[in-house]
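Numbering (our numbering), first residue to last: 1 to 316. Idealized CB from N, CA, C, for every residue including glycine. Here the structure comes first, spelled out in structure tokens, and everything after it is commentary.
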């Protein structure tokens, strides 16, 4: 039964890893390829994609470790610290939560206080902010690595979980309060007061585009916290441990790494068009390769015959 559970666990996480890796890699590719998307908001979304990739990459050895036996000694402790408990993925979860708080602040100042340039994030500021978020997340996650060890039967934490849990809860409450305040004010001004300062030539289209961005970010934040908060409650708030519920909440937590690219595809026309363009380019490249391989088999290689028109390879 235990072996079957390990196989099911490996399968579930493998699906998650593939989805998170491909989706977030696609998001980064879209932002890098399109210069018009080189904005502070998209750079912060790129940081979320990097965090998603980090989660996917460090979940790979975690899945492998569930299928391998642990032995006593320093090797077992090392596996518990860095692999078996997937502690390194905790860094990217914290980065994602803090990045969403920064995104809320950035939108708040961009939409409600556009003339206050001192509080606006520039492209240069984003680099420093992102570096600070990663450093903060690494420091906050360090105790889970230092105090994880193997007790002879399973991996356990030997730190004061109440004190560390309080830290995580305070961080979660702070991020939630910042996000709630910022988006509450933004929604109030965009939909009810309608006093948002607009410099657009076409005010109606300008307001519509701002509402679209806010909707996208609100859905993104909601999706993340639906995945994140149940884990915090079950792990740090509920005194009685329920292994099955904790497993479900942990898996849901890691699902947050794969959710964002799907949200962009459904809610952002820019990302949707960019996704479609990349897929078409990939299809074209595959068709060209197939054409060249078939031609090489049927006829001697010829550089002239490999020059295929775009519309001819589209339907290979």
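Residue range of the unbroken alpha helix (DSSP H) whose run includes residue i
i           : result
residue 156 : That residue, residue 156, is in no alpha helix (DSSP H); its beta strand (DSSP E) goes 155 to 157.
residue 260 : 243 to 267
residue 323 : There is simply no residue 323 to check, as the chain begins at 1 and stops at 316 in what is shown.
residue 93  : 89 to 112
residue 77  : 74 to 79
Residue burial classification, residue i (beta-carbon count within 10 angstroms, cutoff 16)
i           : result
residue 3   : exposed
residue 95  : buried
residue 124 : exposed
residue 54  : buried
residue 139 : exposed
residue 44  : buried
residue 202 : Caution applies to residue 202, whose pLDDT of 44 falls short of 50 and renders its modelled position unreliable; the model cannot decide the point.
residue 160 : exposed
residue 142 : exposed
residue 262 : exposed
residue 132 : exposed
residue 11  : exposed
residue 13  : buried
Residues that DSSP places opposite residue i in a beta bridge
i           : result
residue 277 : Bridge partners of residue 277: none, in fact.
residue 150 : 155
Inter-residue CB distance, residue i and residue j (contact presumed, cutoff 8 angstroms)
i           : j           : result
residue 256 : residue 227 : 4 angstroms
residue 80  : residue 148 : 5 angstroms
residue 236 : residue 100 : The pair is not a contact, with the Cβ atoms about 20 angstroms apart (cut-off 8 angstroms).
residue 56  : residue 20  : 4 angstroms
residue 49  : residue 97  : Not quite, the Cβ-Cβ distance comes to about 15 angstroms (not below 8 angstroms), so this is no contact.
residue 248 : residue 214 : Their Cβ separation, rounded to whole angstroms, is 31 angstroms, which puts residue 248 and residue 214 out of contact at 8 angstroms.
residue 254 : residue 89  : 7 angstroms
Checklist entry - For the 8 angstroms Cβ check, are there 3 or more pairs between the region 220 to 240 and the region 162 to 173? => result yes
Checklist entry - Per the contact definition of three or more C-beta pairs closer than 8 angstroms, is the region 98 to 111 in contact with the region 17 to 26? => result No, because fewer than three Cβ pairs between the region 17 to 26 and the region 98 to 111 fall closer than 8 angstroms, the two stretches do not touch.
Item to check | Inter-stretch contact at 8 angstroms, needing at least 3 Cβ pairs: the region 135 to 155 / the region 205 to 221 | outcome: no
Checklist entry - Does the region 112 to 121 come within contact of the region 55 to 65, defined as at least 3 CB pairs closer than 8 angstroms? => result Verdict: no, contact absent.
Checklist entry - Should the region 241 to 256 be regarded as contacting the region 181 to 193, the criterion being three or more beta carbon pairs within less than 8 angstroms? => result no
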